[in-house]
């Protein structure tokens, strides 16, 4: 049989090992939580890239502007699916397309025709490189 001092030493060793084990487990939990957060962020970004959003017209006589879901130029409103965008394009045939995120490229597969170049206030068209 072990003496009290030997049993006490074993218990202290066990306590130290359990502390180390707890530290390792806490570290693993933090890493997994960070991975889970990053995975959710990536899923959200991927989802936004497959959807669209509509920026309301800035003036009463203006037209709304269509953006890809991940476009940073317009951060308001919720995301829309293809069917909702087609409906919006029917409702606002003069809707402009963001020239930064180019949402038309992702709508071409839905049978939506490429919109004409955007008109400037003086009546001229926006000049694009390579157009």
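Residue numbers (this note's numbering): 21 to 151.
Yeah, the Cβ is synthetic: ideal placement off N, Cα and C, and Gly gets one too.
The structure presented is a predicted model; accordingly, all values stated were derived computationally and were not measured.
Cβ of residue 83 within 8 Å of Cβ of residue 125?
As a first step, residue 83 is located in the chain shown; it is residue number 63 there, counting from the start. As a first step, residue 125 is located in the chain shown; it is residue number 105 there, counting from the start. Not in contact: residue 83 and residue 125 (Cβ atoms no closer than 8 Å).
In angstroms, rounded to a whole number, what distance separates the CA positions of residue 134 and residue 93?
Along the chain shown, read from residue 1 onward, the residue named residue 134 stands at position 114. Along the chain shown, read from residue 1 onward, the residue named residue 93 stands at position 73. Between residue 134 and residue 93, the C-alpha separation is close to 21 Å.
Can you tell me whether DSSP reads residue 24 as helix, strand or coil?
Numbered from 1 along the chain shown, position 4 holds the residue referred to as residue 24. For residue 24, the three-state secondary structure derived from DSSP is helix.
Provide the residue(s) that pair with residue 85 in DSSP beta bridges, ordered along the chain.
Within the chain shown, the letter at position 65 stands for residue 85. Answer is 75, 116, bridged to residue 85.
Does the distance between the C-beta of residue 77 and the nearest non-hydrogen atom of the ligand ZN fall short of 7 Å?
Questions concerning the ligand ZN fall outside what the structure shown contains, since it holds no ligand whatsoever.
DSSP three-state label for residue 52, please.
Your numbering for residue 52 matches position 32 in the chain shown. Helix, per DSSP.
Under DSSP, the alpha helix (DSSP H) around residue 95 begins and ends at which residues?
Your numbering for residue 95 matches position 75 in the chain shown. Bounds of any alpha helix (DSSP H) do not take in residue 95, whose DSSP letter is neither H nor E.
For residue 63, tell me which candidate among 128, 22, 89 has the shortest Cα-Cα distance.
The residue labelled residue 63 in the question sits at position 43 within the chain shown. It is 89.
In whole angstroms, give me the CA-to-CA distance for residue 102 and residue 108.
In the chain shown, counting from the first residue as 1, residue 102 sits at position 82. In the chain shown, counting from the first residue as 1, residue 108 sits at position 88. Rounded to whole angstroms, residue 102 and residue 108 show a C-alpha spacing of 10 Å.
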